[in-house]
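**Student:** The C-terminal residue of the sequence shown carries number 1022 in the numbering used here, and the numbering is unbroken.
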Amino acid sequence: MHLGRTTLSKFLIQQLRDTDGGNDLAALLVDVAAAVKAISAMTAKGALSGFLGALESSNGQGETQKKLDVLANEIMLRSCDWGGLVAGMASEELDEPYELPTDHARGQYLLIFDPLDGSSNTDVNVSVGTIFSVLRHAGAQAPVGADYLKPGRVQVAAGYAIYGPATMLVLTVGKGTHGFTLDREIGNFILTHPNLTIPEDTSEFAINTSNARFWEAPVHRYVTECQAGRTGDRRRDFNMRWIASMVAEVHRILMRGGVFMYPKDTKDPGKPGRLRLLYEANPIGWLIEQAGGRASTGRQRILDVAPTALHQRVPVILGSRHEVERIERYHAEYDAGTDRPFESPLFNERSLFRPEARV
Ligand code: F6P
664 MHLGRTTLSK
674 FLIQQLRDTD
684 GGNDLAALLV
694 DVAAAVKAIS
704 AMTAKGALSG
714 FLGALESSNG
724 QGETQKKLDV
734 LANEIMLRSC
744 DWGGLVAGMA
754 SEELDEPYEL
764 PTDHARGQYL
774 LIFDPLDGSS
784 NTDVNVSVGT
794 IFSVLRHAGA
804 QAPVGADYLK
814 PGRVQVAAGY
824 AIYGPATMLV
834 LTVGKGTHGF
844 TLDREIGNFI
854 LTHPNLTIPE
864 DTSEFAINTS
874 NARFWEAPVH
884 RYVTECQAGR
894 TGDRRRDFNM
904 RWIASMVAEV
914 HRILMRGGVF
924 MYPKDTKDPG
934 KPGRLRLLYE
944 ANPIGWLIEQ
954 AGGRASTGRQ
964 RILDVAPTAL
974 HQRVPVILGS
984 RHEVERIERY
994 HAEYDAGTDR
1004 PFESPLFNER
1014 SLFRPEARV
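#1: If you scan the region 856-883 from start to end, which runs of the beta strand (DSSP E) of 3 or more residues do you find wholly inside it?
#2: Just how far apart, CA to CA, sit I947 and I794?
#3: Considering just the uninterrupted stretch of the alpha helix (DSSP H) at G685, what are its terminal residues?
#4: According to DSSP, is F1023 helix, strand or coil?
#5: Using a Cβ-Cβ cutoff of less than 6 Å, which residues in the same chain neighbour P1048 once the five nearest sequence positions on both sides are dropped?
#6: Is A717 close to the ligand NAP? I mean its beta-carbon at under 7 Å from any heavy atom of the ligand.
#7: Could you check which residue in M752, V797, I775 and Q975 has the C-alpha nearest to that of G684?
#8: If you count every other CB in all the chains shown that lies within 10 Å of the CB of T785, and 16 or more means buried, which is it?
#9: Do the region 940-959 and the region 878-887 make contact, defined as three or more Cβ pairs closer than 8 Å?
#10: Between the beta-carbon of L731 and the beta-carbon of M752, is there less than 8 Å?
#11: Please report the Cβ distance between M924 and I980, rounded to the nearest whole angstrom; I am assuming they are in contact, meaning their Cβ atoms lie under 8 Å.
#12: Hey, how far is the Cα of T706 from the Cα of Q975?
#13: Do A820 and T840 count as a contact pair if the criterion is CB distance below 8 Å?
#14: So, with DSSP's three-state summary, where would you put F795?
#15: State the DSSP-derived secondary structure class of V922, mapped to helix, strand or coil.
#16: Cα separation between M918 and D931?
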């Protein structure tokens, strides 16, 4: 018996007891948790499910969809659309927001989610996740696309599930970041990691260095210094990780610190970054801030970015506070032209000193 353990429902009731609309928000998060359990069971079957691999179709942004992307999306929609708790939902897998069936009661929240983040990893049995964000919907009308375009600082709940060796749910309602582990025997999420706190300093960074030739100078400067380790300006060695699954990188950072970057690059000039503001950067940014870390585009706090489009992308630099502040400073110095000569924009243009020659 495990008497006295704090289940997710008990925790949410306690945290949201005095919040306006708190009961509905707690109930919605329990619905999200139910979806997460179903997605966890599905992904854990691996090849036995028959659902590995890609579909012929792609999503609205031209990306290949995995069968599991589509199934996880359906699970989230069906778990959360029936209870009179949401007014509408937006998913990374859908071009337009999901409108509730007309016979469903409409609630006061908007649920925004990436049903299966890092899904390229499902075929190789590496951790993936689900990311979600909740906004309040004011007004009696059904929401339209513009209602979802709110800055991350007005979120009322955010979280992710990670489907790793254990399935965990990590969430915030603005009172710290807390982690729950799925006890598969009893089917409950149990509070195992209360009040997660990210160390302010770190010697671990995560970035896809195959994109190095597309980065801006401040990111080159930072990564070059990390790589130089104790022989360079930082005077200590750094370690690097890249899982290609944002939830897994973020989870590591919440557990032991670190910095994660998917910065602005020139790989596709139409996209200022790879990650989506509404489905990924905002919820993760808030979780990181609530754990004492920092989340930035390099030039602005992520939670202050004013969204202009549902599937908008944004540069993301987050994690241990002092490192993110350092990278922001490198951006500011670069923009002001006060960084060291070899980081100046001029050298970006000259083949001999092009950053890719230095990383
Ligand atoms: O959509 C996003 C994502 O899968 C993230 O989870 C991950 O951090 C990133 O893309 C991986 O990108 P890349 O394929 O460049 O390694």
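Positions of the beta carbon are idealized from the N, C-alpha and C atoms, including for glycine.
**Tutor:** By the coordinates alone:
#1: 867-869
#2: Residue 947 sits at position 284 when you count from the first residue of the sequence shown. Residue 794 sits at position 131 when you count from the first residue of the sequence shown. Straight-line Cα distance between these residues: approximately 8 Å.
#3: Indexing the sequence shown from 1 puts residue 685 at position 22. Start and end: G685 to A707.
#4: Since the first and last residues shown for the chain are 664 and 1022, residue 1023 lies out of range.
#5: Examination of residue 1048 is not possible in this model, given that the chain is present from 664 through 1022 alone.
#6: Ligands in the displayed structure: the ligand F6P; the ligand NAP is not one of them.
#7: As a first step, residue 684 must be located in the sequence shown, where it is residue number 21. Per the Cα distances, V797.
#8: On the sequence shown, position 122 is the one that residue 785 refers to. Buried: at least 16 other Cβ atoms inside 10 Å.
#9: no
#10: Translated into positions along the sequence shown, residue 731 becomes position 68. Translated into positions along the sequence shown, residue 752 becomes position 89. No. Outside cutoff.
#11: For the purposes of this step, residue 924 is taken as the residue at position 261 of the sequence shown. For the purposes of this step, residue 980 is taken as the residue at position 317 of the sequence shown. Yes, M924 and I980 are in contact; Cβ-Cβ is about 5 Å, under 8 Å.
#12: Locating residue 706 in the sequence shown gives position 43, where the first residue counts as 1. Locating residue 975 in the sequence shown gives position 312, where the first residue counts as 1. Those two C-alpha atoms are separated by around 28 Å.
#13: Here residue 840 refers to the residue found at position 177 when the sequence shown is read from its first residue. Here residue 820 refers to the residue found at position 157 when the sequence shown is read from its first residue. No.
#14: Residue numbering aside, residue 795 sits at position 132 when the sequence shown is read from its first letter. F795 falls in the strand class under three-state DSSP.
#15: Here residue 922 refers to the residue found at position 259 when the sequence shown is read from its first residue. V922: strand per DSSP, three-state reduction.
#16: Stepping through the sequence shown from its first residue, residue 918 is reached at position 255. Stepping through the sequence shown from its first residue, residue 931 is reached at position 268. Computed Cα separation, rounded: 33 Å.
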